[in-house]
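For reference, the structure discussed in these notes is given below.
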Amino acid sequence: MREQPELSYGWGCIAATVTLGVTTFTSALMPRQQRYLVPMKVAVRRTEGVDLGDVVTLRVEIAEPTAPPDMGPPRDR
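Residue numbering for the sequence shown is 883 to 959, as defined by my numbering.
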């Protein structure tokens, strides 16, 4: 997958709507070592029975390049 500069909103990230199993969520494709990572909230992983390090199949739809994805409110630390 080649990055289209007009789709990136910063650091090479590309906004996307992602589906894993029956769960659809907003995220970003993050470039890393000639691949893309997709950050996923714990709630999504739990719903779909996915653990850290699992390899999964995702459906990815590239979002309109207007703004970064809504990643939800910041977590309390």
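For every residue, glycine included, the Cβ atom is placed at its ideal position computed from N, Cα and C. All of these numbers come straight from a predicted model, not from anything done at the bench.
_C-alpha gap between L934 and A945, whole angstroms_ = 25 Å
*Do M912 and V904 come within 9 Å of each other at the CB atom, strictly closer than that value?*
no
*asked:* How far does the beta strand (DSSP E) with V942 in it extend, from its first residue to its last?
replied: R941 to I944
*asked:* Let me make sure I understand the geometry here. Which of Y918, T899 and W893 has the alpha-carbon closest to that of V942?
replied: T899
_Which of helix, strand or coil DSSP assigns to V900_ = strand
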